[in-house]
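The structure appears right after this line, and notes come after that.
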Amino acid sequence: MRFISTRGGGQPQTLSNALALGLAEDGGLFVPETFPQLDALPPAGLSLAATASLLLQPFFAGDALAPQLDAICAEALDFAVPVQPTTEAGTEILELFHGPTAAFKDVGARFLAACFARLPRAETDQPLTILVATSGDTGGAVAAAFHRRPGFRVVVLYPDGRVSPRQAHQLSCFGDNIHTYRVQGSFDDCQRMVKSAFADAELRTAIPLSSANSISLGRLLPQMSYYAHAALAHQARYGASARFVIPTGNLGNGLACLWARRLGLPIGEVILATNANRVLPEFIESGDYRPRASMSTLANAMDVGAPSNLERLRQWLPDISELRAAVSASAVDDARLQAILRAAEARYGHTLCPHTAAAFALIEDRRAAGDTGRFIAVATAHPAKFDSVVEPLVGHTVPVPDALAALLARPARAEPLMAEDAALTAVLRAL
């Protein structure tokens, strides 16, 4: 299989080349030249790694990494992604926070790192620099996945003061080959700076660069696996397609579910939940894409004013009526998030993170409108990562998972950085 740019420029690339490049030559995002269909669905009941390996075979076909796909999946996807019941009939929760940094980003980050470790490298004394802009969880997952891997260094940019204290600590606690910068701006500034670095041909000639944001195929493709895993189990148990309600900011998580359905997985309705940054819902409603500066919310990992993966969605479904038929989206403001968080333990038997609360808000709206069908809410992060938001609302401390506790016990340090493209260029050249 070959991969092309969403913008139509450049040459088609192999999967290995698309992973190494991160962005296409013309600044677009890589998508399959022809989207595959599975000859047969994986059986229900397999491990996440086994499901992923079968699911991703068409995308790896003909690539140098294809013989190693099983090993990549086994290395990266060695933790559970359970679908848990709630105390409300018909509402379940897909827990994606059982990896080493307690967020769904562990799936894509670990998979990408396992792929990169197996890619052939040119003879050079320079490590491959992985650039990552993060609104909270991506940077920690990427840092953990690449920490102390020979031949790699990671440069993490996060918006200073716009992530939770525990997220900030986790982003900054690795050291060694991980370099963390607190940018004096928004996530959108961080994302712009990373894209500008990739667009700088002179810089990329001097310094080998690649991406670990959700713009990377290596992040996006494995995220289909947990939707496939959950949907196959749902169909086996209930005889029906699964309906997912997904918190989303940069749209990678939501797009992965839509791609899984496109492959032929038993997935029905896909509903996207954003926070008060309403760019995505407004686009689907009006057909007019109006990116703008993001605002800070309690669900900070979704504080995105220009969702990158919308470019992939629009390339696939350029007609707005087709896009509306494929997916819906609604925004949830902070007051509603607080109300959901306060009531969640009593109503659902689960403590939620602010992002997961957005998904439950949309399910509650559907229930109020008379929808009695089954929903799977996607839990994107452990609530302990947002203790400063969650604990005052639920009235007690939230137990910290062991892996997260170990990271929080490490010393942390992040360097300040101006929200300017030239500032990142100077940092990269200095490294």
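Once you know that position 126 of the sequence shown is 126 in my numbering, the rest is easy, because the numbers rise by one and skip nothing. Every residue, glycine too, gets a C-beta built ideally from N, C-alpha and C.
Residue i to residue j span [Cα, whole Å]
{"i": "residue 216", "j": "residue 231", "result": "24 Å"}
{"i": "residue 425", "j": "residue 158", "result": "16 Å"}
{"i": "residue 117", "j": "residue 221", "result": "17 Å"}
{"i": "residue 9", "j": "residue 22", "result": "15 Å"}
{"i": "residue 198", "j": "residue 134", "result": "16 Å"}
{"i": "residue 147", "j": "residue 389", "result": "29 Å"}
{"i": "residue 153", "j": "residue 194", "result": "15 Å"}
{"i": "residue 376", "j": "residue 407", "result": "30 Å"}
{"i": "residue 69", "j": "residue 182", "result": "35 Å"}
{"i": "residue 412", "j": "residue 178", "result": "11 Å"}
{"i": "residue 119", "j": "residue 16", "result": "7 Å"}
{"i": "residue 433", "j": "residue 12", "result": "The chain is shown only over 1 to 431; residue 433 falls outside these bounds and no answer can be derived."}
{"i": "residue 370", "j": "residue 78", "result": "39 Å"}
{"i": "residue 345", "j": "residue 338", "result": "13 Å"}
{"i": "residue 278", "j": "residue 213", "result": "21 Å"}
{"i": "residue 301", "j": "residue 136", "result": "5 Å"}
{"i": "residue 282", "j": "residue 150", "result": "44 Å"}
{"i": "residue 423", "j": "residue 204", "result": "16 Å"}
{"i": "residue 110", "j": "residue 141", "result": "8 Å"}
{"i": "residue 98", "j": "residue 427", "result": "34 Å"}
{"i": "residue 364", "j": "residue 86", "result": "13 Å"}
{"i": "residue 236", "j": "residue 202", "result": "53 Å"}
{"i": "residue 29", "j": "residue 43", "result": "31 Å"}
Closest residue to residue i among the options (Cα-Cα distance)
{"i": "residue 27", "options": "74, 200, 61, 66", "result": "200"}
{"i": "residue 430", "options": "270, 206, 8, 13", "result": "206"}
{"i": "residue 299", "options": "336, 245, 415, 153", "result": "336"}
{"i": "residue 246", "options": "354, 112, 40", "result": "354"}
{"i": "residue 384", "options": "16, 341, 111", "result": "341"}
{"i": "residue 84", "options": "347, 20, 94, 75", "result": "94"}
{"i": "residue 397", "options": "347, 228, 36, 351", "result": "351"}
{"i": "residue 226", "options": "261, 346, 278", "result": "261"}
{"i": "residue 25", "options": "77, 32, 6, 248", "result": "6"}
{"i": "residue 41", "options": "58, 33, 333", "result": "58"}
{"i": "residue 409", "options": "80, 132, 174, 151", "result": "174"}
{"i": "residue 31", "options": "43, 1, 55", "result": "1"}
{"i": "residue 76", "options": "115, 44, 97", "result": "115"}
{"i": "residue 88", "options": "250, 202, 395, 349", "result": "349"}
{"i": "residue 219", "options": "269, 14, 18", "result": "18"}
{"i": "residue 268", "options": "249, 228, 280", "result": "228"}
{"i": "residue 316", "options": "14, 34, 20", "result": "34"}
{"i": "residue 305", "options": "211, 248, 80, 368", "result": "248"}
Residue range of the unbroken beta strand (DSSP E) whose run includes residue i
{"i": "residue 3", "result": "3-5"}
{"i": "residue 211", "result": "209-211"}
{"i": "residue 290", "result": "Looking at the DSSP string, residue 290 is not in any beta strand (DSSP E), and its letter there is neither H nor E."}
{"i": "residue 435", "result": "In the structure as shown, the chain starts at 1 and stops at 431, and residue 435 therefore has no counterpart that could be examined."}
{"i": "residue 340", "result": "No beta strand (DSSP E) holds residue 340; the alpha helix (DSSP H) holding it covers 334-348."}
{"i": "residue 244", "result": "242-247"}
{"i": "residue 133", "result": "128-133"}
{"i": "residue 183", "result": "178-183"}
{"i": "residue 252", "result": "Where residue 252 is concerned, there is no enclosing beta strand (DSSP E), although the alpha helix (DSSP H) it sits in stretches over 252-263."}
{"i": "residue 30", "result": "30-32"}
Beta-carbon contacts of residue i that lie in its chain and below 8 Å, excluding the five residues immediately before and after
{"i": "residue 374", "result": "90, 91, 92, 234, 238, 240, 242, 243"}
{"i": "residue 184", "result": "160, 416, 417, 418, 419"}
Where the alpha helix (DSSP H) through residue i begins and ends
{"i": "residue 152", "result": "Note, residue 152: premise wrong, no alpha helix (DSSP H); beta strand (DSSP E) at 152-159."}
{"i": "residue 108", "result": "105-116"}
{"i": "residue 376", "result": "First-last for residue 376: 375-379, but that is the beta strand (DSSP E), not the alpha helix (DSSP H)."}
{"i": "residue 352", "result": "Taken as a continuous stretch (DSSP letters only), residue 352 belongs to no alpha helix (DSSP H), as it is neither H nor E."}
{"i": "residue 330", "result": "Note, residue 330: premise wrong, no alpha helix (DSSP H); beta strand (DSSP E) at 328-331."}
{"i": "residue 425", "result": "421-430"}
{"i": "residue 389", "result": "387-394"}
{"i": "residue 58", "result": "48-60"}
{"i": "residue 146", "result": "138-146"}
{"i": "residue 72", "result": "69-76"}
{"i": "residue 165", "result": "165-172"}
{"i": "residue 215", "result": "First-last for residue 215: undefined, no H or E at that position."}
Contacts around residue i, its chain only, beta-carbon distance under 6 Å, and the 5 residues preceding and following it disregarded
{"i": "residue 473", "result": "Lying outside 1 to 431, the shown extent of the chain, residue 473 is not represented and no answer is given."}
{"i": "residue 176", "result": "148"}
{"i": "residue 467", "result": "This structure leaves residue 467 out entirely; the chain is present only between 1 and 431."}
{"i": "residue 113", "result": "145, 146"}
{"i": "residue 263", "result": "38"}
{"i": "residue 139", "result": "132, 156, 158, 171"}
Chain B within 9 Å of residue i, Cβ atoms only
{"i": "residue 144", "result": "Absence of chain B from the displayed structure is noted, only one protein chain being present."}
Residue i beta carbon near the ligand MN (any heavy atom closer than 8 Å)
{"i": "residue 80", "result": "Ligands in the displayed structure: none, and consequently the ligand MN is not present."}
Contacts around residue i, its chain only, beta-carbon distance under 7 Å, and the 5 residues preceding and following it disregarded
{"i": "residue 223", "result": "107, 108, 252, 253, 256"}
{"i": "residue 296", "result": "162, 303"}
Practice item. Determine, using beta-carbon pairs with one atom in the region 109-129 and one in the region 164-175, whether at least three such pairs fall under 8 Å. Key: no
Review point. Quick check: the region 269-278 against the region 329-348, are there 3 or more CB pairs under 8 Å?
Key: yes
**Study point:** Contact between the region 90-103 and the region 395-406 (3+ Cβ pairs under 8 Å)
**Key:** Judged by Cβ distances under 8 Å, the region 90-103 makes contact with the region 395-406, as three or more pairs qualify.
Review point. Just checking, does the region 186-200 make contact with the region 314-327 on the three C-beta pairs under 8 Å criterion?
Key: no
Point to revise | Three or more C-beta pairs below 8 Å linking the region 290-298 and the region 59-66 | key: no
Practice item. Indicate whether the contact test is met: 3 or more Cβ pairs, each with one atom in the region 38-51 and one in the region 251-261, closer than 8 Å. Key: no
Check your understanding: Does the region 355-367 come within contact of the region 380-394, defined as at least 3 CB pairs closer than 8 Å?
Key -> yes
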